[in-house]
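Going by the working numbering, the sequence shown opens with residue 54, and the numbers climb by one from there. From the three backbone atoms N, C-alpha and C, an ideal C-beta is built for every residue, glycine too. Note that the coordinates shown come from a computational prediction; the quantities given were computed from them, not determined experimentally. Contents: one structure, followed by commentary.
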Amino acid sequence: MKKIFLILAILSLLSLQACATVTMVPHDVSKVDFDAPEGKTGWSEYHHVETFHGYNADQVYEAAKVGLGNAGFSLRKADKSKGTVIGEHGITLHDWNIIAGVYFKEIKDATKVKIIVEGSKDIGFSGDVTSDGWSGKILKGLRQYLNDTYQAVLKVDKSDIK
Numbered sequence: 054m055k056k057i058f059l060i061l062a063i064l065s066l067l068s069l070q071a072c073a074t075v076t077m078v079p080h081d082v083s084k085v086d087f088d089a090p091e092g093k094t095g096w097s098e099y100h101h102v103e104t105f106h107g108y109n110a111d112q113v114y115e116a117a118k119v120g121l122g123n124a125g126f127s128l129r130k131a132d133k134s135k136g137t138v139i140g141e142h143g144i145t146l147h148d149w150n151i152i153a154g155v156y157f158k159e160i161k162d163a164t165k166v167k168i169i170v171e172g173s174k175d176i177g178f179s180g181d182v183t184s185d186g187w188s189g190k191i192l193k194g195l196r197q198y199l200n201d202t203y204q205a206v207l208k209v210d211k212s213d214i215k
């Protein structure tokens with residue numbers, strides 16, 4: 054009986070170590086490589102970079118929080134001065150939890166954004182199946198917020214319309 058209890062305790066500890074934590078992603082944009090490979094880059098890890106032309110860091114910071122929320126993530130840490138917004142998504146059919154970091158920096162007339170998604174490091178019932186769709190869902194919410202909130206006003210020269 055003691056052996057069974059010991060085995061269950063060890064398995065419980067191992068499963069807790071597999072959970073994704075906020076410490077798995079950088080907490081400062083200066084530690085993020087925007088030129089690193091994109092897509093699936095490790096066990097349950099995905100990277101995606103996109104450039105938002107015509108938007109500044111303040112606008113992207115607000116949009117990142119909304120994008121994470123719209124994708125079902127709870128805000129865990131947000132620091133505009135460090136170019137970082139981090140969220141956590143609870144259990145899914147394939148993961149114990151998921152951590153996503155949104156990192157942003159201004160470049161000329163645009164803001165570059167990198168999303169890093171980390172899933173739990175367990176084998177689970179289906180193996181490593183954390184979806185790369187999380188970054189797309191976050192970016193979709195980010196884009197929608199920027200478009201709905203800061204739509205650009207086009208200046209038209211009436212002589213061009215003739």
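- In the DSSP assignment, E159 forms a beta bridge with T164.
- Sorting P90, H100, Y108, G107 by C-alpha distance to the C-alpha of W187 places H100 at the top.
- Counting C-beta pairs closer than 8 Å gives three or more between the segment 154-168 and the segment 103-112, which meets the contact rule.
- For D111, the secondary structure class from DSSP, reduced to helix, strand or coil, is helix.
- Counting of Cβ neighbours within 10 angstroms places L128 among the exposed residues, the total staying below 16.
- DSSP, reduced to helix, strand and coil, places I144 outside both helices and strands of the structure shown, so it counts as coil.
- Membership of K93 in the beta strand (DSSP E) is indicated by the continuous run 92-95.
- Looking at the DSSP output, D132 bridges to T137.
- Ranked by how close their Cα comes to the Cα of H142, the residues E159, S134, L121, I151 have I151 in first place.
- CA-to-CA, the gap between A124 and Q204 works out to about 22 Å.
- DSSP places Y99 inside the beta strand (DSSP E), whose first and last residues are 98-106.
- T94 sits exposed, since fewer than 16 C-beta atoms from the chains shown fall within 10 Å of its C-beta.
- By the 16-neighbour rule on beta-carbons within 10 angstroms, I191 is buried.
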